[in-house]
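**Q** First residue of the sequence shown? That's 9 in this note's numbering, and the numbers climb one at a time after it.
Okay, handing you the structure first.
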Amino acid sequence: MFTGLVQDIGRITLKRKNSEGFVFGICSPSLVSSIQIDDSVSVNGVCQTVTSIKSDCFYIQSVHVTLEKTTLGSLKIEDEVNLELALRMGDRLGGHIVQGHSNGKSIIKKIDRIGKNFLLFLSITEKIAPYIVQEGSITIDGISLTISTVSEQEKTFSVSIIPHTWENTILKNKKVGDEVNIEVDILAKYIERLMFFRNRELPTATKSIMTEDWLRSKGF
Numbered sequence: 009m010f011t012g013l014v015q016d017i018g019r020i021t022l023k024r025k026n027s028e029g030f031v032f033g034i035c036s037p038s039l040v041s042s043i044q045i046d047d048s049v050s051v052n053g054v055c056q057t058v059t060s061i062k063s064d065c066f067y068i069q070s071v072h073v074t075l076e077k078t079t080l081g082s083l084k085i086e087d088e089v090n091l092e093l094a095l096r097m098g099d100r101l102g103g104h105i106v107q108g109h110s111n112g113k114s115i116i117k118k119i120d121r122i123g124k125n126f127l128l129f130l131s132i133t134e135k136i137a138p139y140i141v142q143e144g145s146i147t148i149d150g151i152s153l154t155i156s157t158v159s160e161q162e163k164t165f166s167v168s169i170i171p172h173t174w175e176n177t178i179l180k181n182k183k184v185g186d187e188v189n190i191e192v193d194i195l196a197k198y199i200e201r202l203m204f205f206r207n208r209e210l211p212t213a214t215k216s217i218m219t220e221d222w223l224r225s226k227g228f
């Protein structure tokens, strides 16, 4: 489990294809001393297991399913990646609950600069659309962010990026047309699942009032 607060920008030093997918080497001098083999590390928002460590670099095995669902397969040598170590009991939850399980990819449609801040507009796919809520939480390439606006007509949502986040994550390298990893708020998915089973199993007269409109009226 993670919080979506990027702790370092790592650098890809190895990309080797094998029967399982790709082995990546990631250099991060500031974090590697805190990493052990079998640890979970968020790489651009994707939870990966450390398989070995050498000097200032650690290594991960990305399997085919991960490569299909995320942008990791498009990484190249010298590319930068957002890194976060797994949350420890007692740590502050500075962002929101992030599993490192990408729900899909989104495309950056527009980047506006407003003073020193940046406003990113990203595509909404059919798969993630039900979980995109104005002022709700979302994870973009491992970064915990708040959704600023949602446009059903244009099928986009926007997030506001402060200068500190822009400079200390790989967002500063992004351009229009780039793909990013998206993880929606897990709490929304649990609510959806509970609604499905409760409405399916109970008689009509006793079905839950917990609908999407009801949740929105309560600020969710």
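Yeah, the Cβ is synthetic: ideal placement off N, Cα and C, and Gly gets one too.
(1) Assign residue 5 to one of three DSSP states: helix, strand, or coil.
(2) Measuring straight from C-alpha to C-alpha, what distance separates residue 66 and residue 110?
(3) Checking 9 angstroms against the spacing of the C-beta atoms, do residue 169 and residue 153 come in under that value?
(4) Of all the beta strand (DSSP E) runs that stay within the bounds of the stretch 137–191, which reach a length of 3 or more residues?
(5) Hey, out of 163, 144 and 164, whose CA is closest to residue 155's CA?
(6) Measure from the alpha carbon of residue 93 to the alpha carbon of each residue in 83, 186 and 18, then state which is nearest.
(7) Opposite residue 70 in the DSSP bridges: which residues?
(8) Could I get the ranges of all uninterrupted beta strand (DSSP E) runs contained in the stretch 14–64, with 3 residues as the minimum, in chain order?
(9) Please tell me whether residue 58 and residue 74 are closer than 9 angstroms, where the distance is taken between their beta carbons.
(10) In the DSSP assignment, find the unbroken beta strand (DSSP E) run with residue 112 in it and report its ends.
(11) Does the Cβ-Cβ distance between residue 158 and residue 128 come in under 9 angstroms?
(12) So residue 50 and residue 150 are in contact, right, with Cβ under 8 angstroms, and what is the actual spacing, rounded?
(13) Taking DSSP's pairing of strands, which residues face residue 88 in a bridge?
(14) Just list the residues that DSSP pairs residue 129 with in beta bridges.
(15) On the three-pair Cβ rule with 8 angstroms, is the stretch 77–87 touching the stretch 39–49?
(16) Nearest-angstrom Cα distance between residue 163 and residue 133?
(17) Using the beta-carbon count (16 or more within 10 Å), is residue 123 buried or exposed?
(18) Excluding sequence positions up to five away, which residues of its chain have a Cβ less than 6 angstroms from the Cβ of residue 180?
(19) Near residue 35, which residues of its chain fall below 7 angstroms by C-beta distance, leaving aside the five closest residues on each side in sequence?
(20) Is the beta carbon of residue 191 sitting closer than 9 angstroms to the one on residue 107?
(21) In its own chain, which residues sit with a C-beta less than 6 angstroms from the C-beta of residue 148, not counting the 5 before and 5 after it?
**A** For this structure:
(1) Here the chain comprises residues numbered 9 to 228, so residue 5 is not present and cannot be evaluated.
(2) 21 angstroms
(3) Yes. Within cutoff.
(4) Runs found: 145–148, 151–159 and 164–169.
(5) Checking every option, the nearest Cα to that of residue 155 belongs to 144.
(6) 18
(7) Residue pairing by DSSP places residue 70 opposite 30 in a beta bridge.
(8) 16–26, 29–35, 48–51 and 54–62
(9) no
(10) First-last of the beta strand (DSSP E) with residue 112: 112–122.
(11) no
(12) 5 angstroms
(13) Within the DSSP secondary-structure output, residue 88 pairs in a beta bridge with 19.
(14) 118 and 166
(15) no
(16) Taking the straight line from one Cα to the other gives about 8 angstroms.
(17) Exposed, because fewer than 16 other Cβ atoms sit within 10 Å of the Cβ of residue 123.
(18) 174
(19) 18, 19, 21, 64 and 65
(20) yes
(21) The answer, listed in chain order, is 188.
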